[in-house]
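A short write-up of the structure that comes next.
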Amino acid sequence: MIVRKLTDLIGTEREICGETWTSRRLLLKGDGMGFSLHDTIIHAGSTTKMHYQHHLEAVYCIQGRGRIRDLTNHRVFEVEVGTMYALSGNEQHELIADEEMRMVCVFNPPVVGTETHDTTGAYPLLD
Ligand code: 9YT
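In this text, residue positions in the sequence shown follow the working numbering: the first is 253, and each later residue adds one.
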């Protein structure tokens, strides 16, 4: 069994910062669960363009409000507490945070731990 607390991750190598987000990685590939689990803060007023071409991601909003623009299918969805979106088709997308948002994110395959977005908005597939 693995038991971890968010407070134990702060300031460690499991806390990774992008330009518009801070991702606290509760479970990583090395934990052997087959997915990774992140508690991610999206900075207020930010827009993040992403395109996970090598991973499926599900995102569950537990704080804040914003919008997700599906740039592949040209659709926009409001995101508020209790909203989940799943990038089941590796959609290119843009997350607009009207206020600070806190998201629980699950990646399949799991991330190794050091990934940040490349120039296309993807995470590389690392071993
Ligand atoms: C919601 C989202 O995709 N934010 C970017 C960071 C990523 N989810 C992560 O690594 O936690």
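Yeah, the Cβ is synthetic: ideal placement off N, Cα and C, and Gly gets one too.
Values in this document were obtained by computation on a predicted structure and should not be read as measured data.
Distance from the CA atom of R327 to the CA atom of C313, rounded to whole angstroms, is 18 Å.
Taking a cut-off of 8 Å on C-beta distances, the segment 260–280 does not touch the segment 333–344, as fewer than three cross pairs fall below it. Between the segment 363–374 and the segment 313–325 there are fewer than three C-beta pairs closer than 8 Å, too few to call the two in contact. A349 has its alpha-carbon roughly 10 Å from the corresponding atom of E332.
For secondary structure counted as the beta strand (DSSP E) over 3 or more consecutive residues, the segment 303–356 holds these complete runs in sequence order: 308–315, 318–322, 327–331, 336–338 and 345–349. Check the Cα spacing between N360 and each of T300, M285, S275 and L278: the tightest is with M285. Apart from the 5 residues on each side of it in sequence, L339 sits with its Cβ closer than 7 Å to the Cβ of Y304, L308, E309 and H345 in its chain, given in chain order. Under the DSSP assignment, T259 falls in the alpha helix (DSSP H) whose first and last residues are L258 to L261.
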